[in-house]
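Here is the structure we will look at.
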Amino acid sequence: MRNKKQEEDNQEYSQVPKIYQETYREMTEATKKGDFQEVLRLAQMLKNQGAAQEYWAMQMSIAYLNFGKTASAKSCIEPLYREYPDEPTVSVQRAVCLYEDGEFLEAEKTLERIYPPDTYLPFYYSTYGDVLENQGRLEEAYGKYRVVIDEFQNGYDPGQELVDGVFQRLIELGMACGLDTVDQDTDEYLRFLQGADRTEELQRRVAENLILFAHYLGTEKYRPPFLRLADGLQKMEFMANPIYKGTLWSAYVALESYEINADSQVSPFTFDLITRATDVGTEEDRAIDEQMGLENTEELQEAETELLMMEYFAGKRMPGIQKELEHIRTQYPYSYEAVKELTEDLERNPKAASDKYLKLLQERTDSFGYTKSYFDRIYETHYGNGAETVLWDSEDGSYMRQGKKIGRNDPCPCGSGKKYKHCCGKK
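Structure follows, in structure tokens:
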């Protein structure tokens, strides 16, 4: 793929007065590297040397914006915009500043004024998409984002981080709006990833995208493209970081959970067991938690307690539970990983397995004075003959949650795209 951006950079340098060219080049390179402290230093140097504002104001505004100093960023770009109101790059930077300040209508006016720009600018269209999306005009936003991908496929490479971010918006907006574009966009995204440089940053972005897209798995038609994306990532071994490998496992588990829930061969009890087991995670997942200092969090302790209770209950459901777990093993391999140890324990000796988990459960809840009869009553109430399966909570609210539980491996409800345990749950 030819790099039009490099050609434009070389032409840009030649237009800068020679006295400022070297500093300007260093400033531009620092911007590309994301060293915005250096960008500020060099921009201030050019300003002090008497360089015209078109040689430093834009970069200074970009740097301030990356430090979250929106007011300072706007103060740099506004004089430049007044002097060059028809310059697309200046208009885009002004629109970005307005967008960050929540002035979406003014940002849209700034972009609309030069639509379409004489020169193709990927950030013009991605920013326009952001502005429209934040006004709730989702299908219009989709159209603006789509331009970036079309131009990328025609040879204009704006950088893989921007391309990845735009694909994220296209796929999610397609799902949110019910568009018939999700299959095509997902397949194009996968082709992009096959040729991308698998940096740590891109792995992180892709992992967060997987969790974000998992929000829409309740709609059956989005499951096949989601599965193709997950399978493609696994086949190319895209995730090198163990944390992101765990995210891919969670993506498969999320997909399987919908299928398990609808599977007539899986009882509500076993579905609850699988849900709590995948919430705690595999041994590898728990090892990662330990490395990240998450092994003693309240959420993990609570999840482990609930799982121990379900594992104790599993002994009461022999031999039927064993048949169901075998079905899980053959049909839902990713979810099975979380109950593999329990299955092996039950196969060896159901009574010993039940006693083992009861002992561990009582040790964990000893301070509450709970007895075997207490746990047996919970089982009979919620899983005994004729009992209605409900989301259960404790009578005294001591350690079981009331209402729908947010799993540690579920998408964080704040919308970050991260796992709950790696985001708000970590706090």
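Residue numbers (numbering that gives the first Met the number 0): 0 to 426. By construction, the Cβ of each residue, glycine as well, lies at the ideal position given by its N, Cα and C atoms. Nothing here was measured: the structure is a model prediction, and the numbers come from that model.
| query | result |
| --- | --- |
| Which residue wins for smallest C-alpha separation from residue 16, given the options 36, 34, 148, 53? | 53 |
| Taking only three categories from DSSP, how would you classify residue 113? | coil |
| Do residue 238 and residue 202 have their C-beta atoms closer together than 8 Å? | yes |
| Should residue 74 be flagged as near chain C, meaning a C-beta pair shorter than 8 Å? | Included in the structure is just one protein chain, with no chain C present. |
| Would you kindly report the start and end of the unbroken alpha helix (DSSP H) that includes residue 178? | That residue, residue 178, is in no alpha helix (DSSP H); it is neither H nor E in DSSP. |
| Would you identify the three-state DSSP class for residue 19, choosing helix, strand or coil? | helix |
| State the start and end residues of the unbroken alpha helix (DSSP H) segment that holds residue 34. | From DSSP, residue 34 is part of no alpha helix (DSSP H); its letter is neither H nor E. |
| Using the Cα positions of residue 302 and residue 216, report the straight-line distance between them to the nearest angstrom. | 23 Å |
| Could you check where the alpha helix (DSSP H) with residue 305 kicks off and where it finishes? | 297-313 |
| In whole angstroms, what is the alpha-carbon distance linking residue 368 and residue 378? | 18 Å |
| Let's see if you can read the secondary structure: which residues bound the alpha helix (DSSP H) around residue 333? | 332-335 |
| What is the DSSP secondary structure of residue 390, counted as helix, strand or coil? | Because residue 390 carries a pLDDT of 35, less than 50, the predicted location of this residue cannot be relied on, and no value is offered for it. |
| Does DSSP put residue 14 in a helix, in a strand, or in coil? | coil |
| Pick helix, strand or coil for residue 196, following the three-state DSSP scheme. | coil |
| Measuring CB to CB, does residue 125 end up less than 8 Å from residue 96? | no |
| Do you know how far the Cα of residue 189 is from the Cα of residue 388? | Unreliable positioning characterises residue 388 in this predicted model, as indicated by a pLDDT of 40, which lies under 50. The coordinate reading is nonetheless provided below. Roughly 40 Å separates the two Cα atoms. |
| Taking residue 112 as the reference, which of 102, 26, 91 has the closest Cα? | 91 |
| Which residues bound the alpha helix (DSSP H) around residue 317? | It is not in any alpha helix (DSSP H) - residue 317 carries neither H nor E in the DSSP assignment. |
| Give me the residue from 48, 20, 18, 57 with the minimum Cα distance to residue 35. | 57 |
| For the putative contact between residue 342 and residue 324, defined by C-beta atoms under 8 Å, what is the C-beta separation to the nearest angstrom? | 5 Å |
| Whose C-alpha, out of 138, 119, 137, is nearest the C-alpha of residue 150? | 119 |
| Pick out whichever of 257, 31, 33, 55 has its Cα sitting closest to the Cα of residue 22. | 55 |
| Return the CA-CA distance between residue 209 and residue 363, expressed in angstroms with no decimal places. | 34 Å |
| Could you tell me which uninterrupted beta strand (DSSP E) segments, each at least 3 residues in length, are contained entirely in the segment 356-386, listed from first to last along the chain? | none |
| Would residue 114 be called buried (16 or more neighbouring beta carbons within 10 Å of its own) or exposed? | exposed |
| Taking residue 220 as the reference, which of 193, 243, 177, 70 has the closest Cα? | 177 |
| According to the neighbour-count rule (16 or more other Cβ atoms, all chains shown, within 10 Å of its Cβ), is residue 347 buried or exposed? | exposed |
| Starting from residue 74, follow the alpha helix (DSSP H) in both directions and report where the run begins and ends. | 69-82 |
| Should residue 223 be labelled buried (16 or more other beta-carbon atoms within 10 Å of its own) or exposed? | exposed |
| So, does the segment 241-261 touch the segment 276-283, judging by three or more C-beta pairs under 8 Å? | yes |
| Indicate whether residue 161 and residue 148 have their beta-carbon atoms separated by less than 8 Å. | no |
| What did DSSP end up calling residue 237 once you bin it into helix, strand or coil? | coil |
| Determine the extent of the alpha helix (DSSP H) in which residue 63 is found, giving its start and end residues. | 56-65 |
| With C-beta atoms as the reference, is residue 314 less than 8 Å away from residue 350? | yes |
| Give the secondary structure of residue 184 by DSSP, where H, G and I count as helix, E and B as strand, and everything else as coil. | helix |
| Going by beta-carbon coordinates alone, are residue 128 and residue 143 separated by less than 8 Å? | yes |
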